[in-house]
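Residue numbers (the working numbering): 891 to 1237.
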Ligand SMILES: Nc1ncnc2c1ncn2[C@@H]1O[C@H](COP(=O)(O)OP(=O)(O)OP(=O)(O)O)[C@@H](O)[C@H]1O
Ligand code: SF4
Ligand SMILES: [Mg+2]
């Protein structure tokens, strides 16, 4: 049994059970037993009022986890989990109608690209009313937008989405998703990726304000470690479909334990020094990262890890408690070996 199950089990029995509780989630996009799972043994829980960040390289499975929670995976996809619960509701057992009732009402998704989420030929107000659900007319919509400082948009509901900036549109979508339906859970998939830093700050402030006002639980996916550090309470680091480290923001940024987390943090541009390789994660191999094969038996990070031992090649590590965090590694906490461009080339 995965020892990581124990802590959330205790939380479930506590007076304040988690809003979202995921144990051993697996997702495969094809009915092919040999295909790698896009998500493998993912476990975490989220409390009301908490913001959990999910970070990790492209293709590590972050969006798949969010889509699995919302049951928005494509046909032919295989999902299994020991537990996939939203406020005690077993999501995998709900029929499509029940899921439709939950989505948008109690669980909302903030999309990555706001421009493609709305039609440019249908008036904005009409689309937002449909998104907000029954009982929301133009007057209420305008009131909600004014509440978050979007007066200019509130006066232009008969206009079109292309008349707004990307930042305005993203804030409009977050406001409508979160304030109109007042969901309990907000899943935000890279909500600030396409925005400049000023608008990004406005969007993040809005998320924090909504969390404080409504007690929302939020899962925030981002590639921007600065965004995660400023906004989240806890962070899950994903690699190859697995959570490899789950810790508070303070612990993760202050004392990262998994070799992949350490390298992810070391690749933040502010930390670069002249002469250091751009991709420190190519430590032992010059091949493009995505072309390195996963170990069939051992650790999925084996080919890229500077600390791999014989054990790592034969025994896949599980997510285990370490200090106040959880880490999937046989040898956590190693300091990074010094890397220089020259040493990399000789390896
Ligand atoms: N609809 C799909 N059909 C088949 N495979 C998919 C589909 N969506 C995602 N995948 C695969 O699942 C894996 C995880 O993808 P996912 O989109 O969850 O990654 P991600 O961490 O969100 O990446 P990014 O940071 O680029 O958004 C990848 O290997 C991807 O190719
Ligand atoms: S288990 Fe071994 S190969 Fe995997 S991350 Fe830890 S040290 Fe590296
Ligand atoms: Mg994604």
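Glycine included, every Cβ here is placed at the ideal spot set by N, Cα and C. Since the structure is predicted, the reported quantities are computational estimates derived from the model, not experimental observations.
Around the beta carbon of residue 1188, a 10 Å sphere encloses 16 or more other beta carbons of the protein chains shown; the residue is thus reported as buried.
The continuous beta strand (DSSP E) containing residue 1127 extends over residues 1124-1129. For residue 1055, the shortest C-beta to heavy atom distance toward ligand 2 is 7 angstroms or greater.
Within the model, the alpha-carbon separation for residue 960 versus residue 1027 is close to 26 angstroms.
Residue pairing by DSSP leaves residue 1222 without any beta bridge partner. Under a 10 Å Cβ-count criterion, residue 1029 is classified as exposed, with fewer than 16 other Cβ atoms of the shown protein chains found around its own Cβ.
For residue 1129, the Cβ stays outside the 7 angstroms cut-off from all heavy atoms of ligand 1. In the DSSP annotation of this structure, residue 996 is not part of any beta strand (DSSP E), being labelled neither H nor E. Assigned with DSSP and collapsed to three states, residue 914 falls in strand.
Comparing C-alpha distances from residue 1217 to each of 929, 1062, 1127 shows the shortest one belongs to 1127.
Spanning the alpha carbons of residue 1078 and residue 1006 requires a straight line of approximately 15 angstroms. For residue 1149, the uninterrupted alpha helix (DSSP H) segment begins and ends at 1149-1156. Sequence-distant Cβ neighbours of residue 1214 in its own chain, meaning closer than 8 angstroms and more than five residues away, are 1137, 1138, 1141.
Looking at the DSSP output, residue 943 bridges to 1110, 1125. The three-state reading of DSSP puts residue 1211 in strand, counting E and B together.
Take residue 1022, set aside five residues on each side of it, and the residues of its chain with a beta-carbon closer than 7 angstroms to its own are 1031, 1066, 1070, 1071, in chain order. In this structure, the beta-carbon distance from residue 913 to residue 933 falls below 8 angstroms.
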